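Protein chains in written order, with my numbering: chain A, 2 to 347; chain B, 2 to 347.
Glycine included, each C-beta is placed from N, C-alpha and C at the ideal position.
Just so you know, these numbers come straight off a predicted model, no measurement behind them.
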DNA sequence: ATTGGATCTGCAATCGTTTGCATTCGCCGG
DNA sequence: CCGGCGAATGCAAACGATTGCAGATCCAAT
């Protein structure tokens with residue numbers, strides 16, 4: 002029955018010191034495992050500390066050491082009127098990031114920000130609450146990122162590299178992934194392929210480019226009515242697809258900018274009495290863990306989030322160490338499942 | 002073009018002080034909006050600080066103030082061999098918690114712990130990294146929670162109240178919700194209802210009790226073979242359901258302990274050529290946002306996570322303020338959708 | 001006994017704020 | 001012109017750790 006941290010105020014280092022009959026300096030060194038303090042005494046002090054349930058106060062430690070051993074992970078929620086993290090993509094990424102960060106003994110400080118917000122990044126950086134910042138998705142915040150990165154190194158962003166950009170991004174080959182997906186739809190004989198997503202967001206913009214490239218290389222015309230700038234939430238995507246159906250625009254395939262909205266689209270399609278993939282083939286993007294469990298299972302462009310998260314953290318720690326780390330693009334893989342197969346014979 | 006935090010080392014309060022020609026004390030008071038400093042000077046100092054991109058260093062502030070304005074949110078991942086947060090339930094809860102906590106101006110420190118881990122709670126508490134702790138789901142950690150709560154007040158746990166328990170829980174009426182779900186299945190004429198989940202976890206245990214109660218009040222016998230202790234992950238649940246099907250145990254309904262495994266079960270059932278709800282009715286628990294988008298849409302027992310999160314945070318802040326806050330049970334609501342409807346005529 | 005060196009240990013400064021207390025300033029009435 | 005009072009300001013001591021440097025201790029060699 003190990004004693005558990007003082008009843009009232011938690012023990013401080015000086016308390017352990019007086020118990021052990023030494024100075025705080027010695028306790029500090031002992032707990033840090035410094036060879037400066039004799040092994041015997043060191044063990045004794047460690048035992049004492051453990052029994053007293055003593056843990057160094059990290060605030061004090063951080064102040065002295067000028068670091069916090071904490072990484073801020075920020076999730077900008079563009080267009081997501083509702084508060085909750087609705088997109089599994091963010092969540093899965095968050096999970097992997099949390100793993101990678103805690104593995105290095107750092108803490109994860111979670112920040113949700115909803116974009117029309119000023120100076121959040123400079124403030125976050127200046128507050129000294131964390132040693133580095135990871136931003137999941139640049140959302141509409143390219144400007145802010147750009148500005149801060151000019152003087153703050155330990156910043157890594159998940160997303161798309163832009164031409165004029167100085168901050169470090171890690172992301173998937175959006176163009177390649179998208180064009181492969183669309184090429185696949187074309188090979189399946191699909192004629193009218195809808196792009197479902199808002200190209201004004203950096204990553205989606207690149208996916209849109211991939212879509213264009215695939216159409217072009219197959220000499221297919223681009224039709225404006227096939228561009229449906231749906232936002233990345235289930236509800237709005239469902240509504241957007243319903244609208245599209247009501248509008249009588251004809252199409253036999255959908256390339257959705259994310260799995261979340263792909264699933265919503267399927268929802269809306271089947272609700273309207275269409276079959277997937279019989280009447281309409283659907284391809285998503287992300288390969289969230291639900292994709293495989295969808296009904297039908299979703300064909301999608303896979304982003305390797307685990308690798309992505311590891312890479313971001315790696316890069317971030319390089320930058321923390323003063324090295325320079327540049328942007329990376331990771332490969333995307335087309336995962337073929339049920340949601341885009343043979344076209345139904347009418 | 003507001004100046005953005007010094008190029009190299011970030012400004013400290015003393016810098017602002019010398020710029021303004023006053024002492025750090027005055028700057029501190031000015032920034033805190035204290036009426037002790039003359040309004041004119043106060044405004045001047047604030048302007049200076051803003052222009053210099055100065056933000057108080059929260060580590061130093063925290064040390065002095067003996068608080069961190071941070072809440073730890075810990076997610077114990079029982080039985081989840083894989084690292085990522087697979088269950089949308091956790092994620093949604095996390096999202097709501099993050100909202101409620103940031104609304105109060107506090108930060109969220111995320112901690113994932115995978116249970117065979119010693120002393121994580123006492124250490125977390127003693128480290129002083131946060132002012133309070135919220136644990137999502139007691140998992141297998143009842144003991145640890147119990148011990149720590151005896152001396153650490155600001156601790157709130159999502160989960161089930163236990164008889165001998167002293168820590169503060171917030172949770173749903175698991176028994177009531179479960180029994181209503183099972184009663185519903187019985188009313189629909191289902192004869193063999195499988196309980197799908199591991200009753201050794203506190204919350205699931207209560208749902209199991211509700212299941213028993215419903216069977217009993219309908220004078221139905223309990224059959225051991227109808228208890229399938231599936232773990233709360235998609236993969237293992239899928240496997241468990243497949244096994245069950247292979248075992249030739251007959252059943253025409255499933256009450257699943259969570260939506261995640263309910264969806265997996267449906268997956269497995271349809272993969273085996275059965276229809277839902279035709280051959281087998283399925284009811285889940287949680288009402289995660291995917292439930293409505295499932296195919297078929299999932300009938301489930303709704304937990305109001307937003308309210309739950311708000312309640313937990315509320316209770317936590319009460320405890321931080323020294324008041325006492327006791328456990329609460331929130332109502333559960335049966336949401337009837339497609340996955341449990343009429344039985345197919347054979 | 002003295003010296004030298006290796007090995008430990010403790011003093012005191014430091015990290016950047018906040019705040020109780022003392023002090024200074026300005027101003028008004030006498 | 002001075003006493004006195006309130007309002008505004010600064011001094012210095014915390015907060016709880018880490019660490020360079022100097023000093024203490026001990027043993028062996030001279």
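Interface flag, residue i vs chain A, CB-CB below 9 Å
{"i": "residue 111/B", "result": "yes"}
{"i": "residue 168/B", "result": "no"}
{"i": "residue 89/B", "result": "yes"}
{"i": "residue 268/B", "result": "yes"}
{"i": "residue 331/B", "result": "no"}
{"i": "residue 7/B", "result": "Any reading at residue 7/B needs caution, since the residue's pLDDT is 39, under 50, leaving its predicted position unreliable; the model's value is listed next. Residue 7/B counts as touching chain A."}
{"i": "residue 71/B", "result": "yes"}
{"i": "residue 175/B", "result": "no"}
{"i": "residue 130/B", "result": "yes"}
{"i": "residue 237/B", "result": "no"}
Other residues of its chain near residue i: CB distance less than 6 Å, five sequence neighbours each side excluded
{"i": "residue 134/A", "result": "73 and 156"}
{"i": "residue 275/A", "result": "281"}
{"i": "residue 113/A", "result": "76"}
{"i": "residue 160/B", "result": "138, 139, 170, 172, 203 and 204"}
{"i": "residue 270/B", "result": "277 and 281"}
{"i": "residue 303/B", "result": "288, 334 and 336"}
{"i": "residue 243/B", "result": "269"}
{"i": "residue 267/A", "result": "277 and 283"}
Residues near residue i by beta carbon distance below 7 Å, same chain, minus five either side
{"i": "residue 59/B", "result": "none"}
{"i": "residue 29/A", "result": "14"}
{"i": "residue 91/A", "result": "76 and 137"}
{"i": "residue 210/A", "result": "176"}
Residues that DSSP places opposite residue i in a beta bridge
{"i": "residue 285/A", "result": "301/A"}
{"i": "residue 334/B", "result": "303/B"}
{"i": "residue 355/A", "result": "Given a span of 2 to 347 for chain A in the structure shown, any question on residue 355/A remains unanswerable."}
{"i": "residue 188/A", "result": "Answer is none; residue 188/A lacks a bridge partner."}
{"i": "residue 194/B", "result": "254/B"}
{"i": "residue 228/B", "result": "196/B"}
{"i": "residue 113/B", "result": "76/B"}
{"i": "residue 1/B", "result": "Past the edges of chain B, shown from 2 to 347, lies residue 1/B, and the structure says nothing about it."}
{"i": "residue 329/B", "result": "171/B"}
Sequence-distant residues of its chain with Cβ nearer than 8 Å to residue i (five each side left out)
{"i": "residue 213/A", "result": "223"}
{"i": "residue 316/A", "result": "157, 169, 171, 326 and 329"}
{"i": "residue 71/B", "result": "107, 108, 109, 110, 130, 131 and 132"}
{"i": "residue 27/A", "result": "18, 21, 38, 42 and 46"}
{"i": "residue 265/A", "result": "235, 236, 238, 239 and 242"}
C-beta neighbour in chain B for residue i, strict 9 Å
{"i": "residue 100/A", "result": "yes"}
{"i": "residue 29/A", "result": "no"}
{"i": "residue 46/A", "result": "no"}
{"i": "residue 57/A", "result": "yes"}
{"i": "residue 106/A", "result": "no"}
{"i": "residue 191/A", "result": "no"}
{"i": "residue 290/A", "result": "yes"}
{"i": "residue 294/A", "result": "yes"}
{"i": "residue 16/A", "result": "no"}
{"i": "residue 1/A", "result": "Because chain A spans 2 through 347 in this model, residue 1/A falls outside it and cannot be assessed."}
{"i": "residue 301/A", "result": "no"}
{"i": "residue 265/A", "result": "yes"}
{"i": "residue 32/A", "result": "no"}
Spatially closest choice to residue i from the options, by CA coordinates
{"i": "residue 278/B", "options": "293/B, 294/B, 288/B and 298/B", "result": "298/B"}
{"i": "residue 263/B", "options": "248/B, 230/B and 250/B", "result": "230/B"}
{"i": "residue 128/A", "options": "174/B, 63/B and 98/B", "result": "63/B"}
{"i": "residue 334/B", "options": "308/B, 178/B, 42/B and 50/B", "result": "178/B"}
{"i": "residue 327/A", "options": "52/A, 164/A, 168/A and 16/A", "result": "168/A"}
{"i": "residue 245/B", "options": "323/B, 257/B, 227/B and 256/B", "result": "227/B"}
{"i": "residue 321/A", "options": "67/A, 21/A and 79/A", "result": "67/A"}
{"i": "residue 31/B", "options": "44/B, 19/B and 22/B", "result": "44/B"}
{"i": "residue 78/B", "options": "340/B, 232/B and 301/B", "result": "232/B"}
{"i": "residue 208/B", "options": "257/B, 49/B and 265/B", "result": "257/B"}
{"i": "residue 341/B", "options": "141/B, 182/B and 239/B", "result": "182/B"}
query: If we count Cβ pairs, one from each stretch, closer than 8 Å, do we get three or more for the stretch 38 to 45 of chain B versus the stretch 99 to 112 of chain A?
result: no
- prompt: When the Cβ atoms of the stretch 140 to 158 of chain A are set against those of the stretch 119 to 132 of chain A, are three or more pairs found closer than 8 Å?
  reply: yes
- prompt: Is the stretch 186 to 195 of chain B in contact with the stretch 253 to 263 of chain B, if contact means three or more CB pairs nearer than 8 Å?
  reply: yes
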